[in-house]
Amino acid sequence: MSVNPKRRSRDKPRSDVPDVQQSQKSMVFDEPTTKDRKTQRKQILSFVSRTLELGLTGLRQQFASMRRFNDFEKMKAFKEAQEFGKNRYKDVGCLDNNRVKLASPWPHEYIHANYVATPTNPKRFICTQAPLEKTCADFWFMCLQERVENIFMLCNLLEKGTKKCHEYYPTKKNKTLEFVEGDQKITVKYDGESKFSFSGSSTAKVTATECVVEGPGGTLKTIHYHWNDWPDRGVPKADMAILELLDKARVSKGPIAVHCSAGIGRTGSVVMLEYVMDQLASGQTIEDGDKILVKIREQRNNSIQTDAQYIFVHLVLFNYFRKRKLLEDEKVKEEHDKLIKEFEKIKF
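As numbered in my numbering, the sequence shown has no gaps in its residue numbers, which increase by one up to the final residue, 351.
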């Protein structure tokens, strides 16, 4: 691997991992059949009961037992890219085994991004770091190459006075941004904007910006969803907002690109939620949270950074199950309510 523009020749953009069209059925709001509901209830009750048996303390201990670390022997491209300023953080590695490789005619192949699979889709997500000034062109070429129709931005440009992301997409009418890498140029044109409207009482603030991307490989229309109020290393309200957002993006053939600042904490939370939703929709057994997180971390190293994020994922799922009337055992609901109250009292 080389990040230097004097690169070796390579094949055309990756197509060895098949695109899988997800069912356009909405997992959040469409009603399952009676048979599906019966199966789902059984799966859900088992998953929730096992989780509630752990309790808040047990979940925190479970998360703590899965310590985060970097095995740099599995991140050789990441190490080579360090001197070229292509990595946002020195301690947030990018695994070699499933990293996204930028293909010809791009001047180099490296970007800090990994494909992450769900049970039925081997390329459901591309998890990546927030674009740097030096990597904006790389990011948009990746989107063109992989036909990314939906982008989730879960951070702000500035957080607590620290720059977390470069301004890589247009936010004003008639605005076009241009990015150059070597002899290659990418343009990103503003094509409209709307406030994402959530059902129910969710107060999450998400802005949807339509963009037209032009560069090597053609033209792409994509929707950029910016979640404005998700705190760094923290969690938003455990309502249906994330699941509604995933519902909008799930129908796309291409991967959903997700990033926060490092591309592991907030990003990992979204991925873990979709992993469980995919298990549920495909009739598979819902695995325990620690087993799921291990599988995700094998694809995007150190995904989910805090115990608060880990517990948050479980609470969102439990709230969804109850909203859909798939969790009606009164004792279990009481334990769930207790878990919520305990969670709200803790200062993470």
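Beta carbons are placed, not taken as given, at the ideal position from N, Cα and C, and that holds for glycine.
Of all alpha-carbon atoms in N159, V335 and Q282, the one lying nearest the alpha-carbon of T123 is that of Q282. Between L320 and L249, the alpha-carbon positions lie close to 13 Å from each other.
Three or more Cβ pairs closer than 8 Å define a contact, and the stretch 290 to 306 falls short of that threshold against the stretch 321 to 336. Looking from the CA of R150, the closest CA among N101, I189, K224 and K336 belongs to K224. Classified as buried, R253 has 16 or more neighbouring CB atoms from the shown chains inside 10 Å of its CB. According to the DSSP assignment, D235 belongs to no alpha helix (DSSP H), since it is labelled neither H nor E. Taking C-beta atoms as the reference points, D232 and K208 count as a pair closer than 8 Å. In terms of Cα proximity to G195, the closest of Y228, S285 and M156 is Y228. The continuous alpha helix (DSSP H) containing A244 extends over residues A244 to A252. Residue environment analysis places Q85 among the exposed positions, since fewer than 16 neighbouring C-beta atoms fall within 10 angstroms of its C-beta. Secondary structure at R102: strand, using DSSP grouped into helix, strand and coil. For K79, the enclosing alpha helix (DSSP H) stretches over residues K79 to A84. Going by beta carbons, T121 and Y313 fall outside the 8 Å limit. The three-state secondary structure of T54, taken from DSSP, is helix.
Counting only residues of its own chain and dropping the five nearest sequence neighbours on each side, F346 has a CB closer than 7 Å to the CB of L59, I314 and L318. V274 places its beta carbon less than 8 Å from that of V119. The count of Cβ pairs closer than 8 Å, one atom from the stretch 72 to 86 and one from the stretch 97 to 113, reaches three, so the stretches are in contact. I289 and R44 have their C-alpha atoms some 11 Å from each other. Contact annotation, A311 with V238: C-beta distance approximately 5 Å; criterion of less than 8 Å satisfied.
In this structure, the straight-line span from the alpha carbon of E247 to that of L157 is close to 15 Å. Nearest in C-alpha terms to F72, of all of R63, Q64, K89 and K93, is K93.
Note on geometry: alpha-carbon atoms of C214 and R63 lie some 40 Å from one another. One alpha carbon belongs to R236, the other to T309, and they sit about 7 Å apart. Residue pairing by DSSP puts Y228 in a beta bridge opposite F155 and A211.
For F144, the CB contacts under 8 Å within the same chain, skipping 5 residues up- and downstream, are L105, W109, E184, Q187, I189, G218, P219 and G220 in chain order. The closest CA to that of A140, considering only C168, F182 and E170, is found on F182. The alpha-carbon separation between I299 and S200 amounts to approximately 29 Å. In the three-state reduction of the DSSP assignment, N90 falls in the coil class. A residue is called buried when at least 16 other Cβ atoms come within 10 angstroms of its Cβ; A67 does not meet this threshold and is exposed.
Here the C-alpha atom of L276 lies approximately 30 Å from the C-alpha atom of Y193. With fewer than 16 other beta carbons inside 10 angstroms of its own, Q287 counts as exposed. Y171 and D39 have their C-alpha atoms spaced approximately 43 Å apart.
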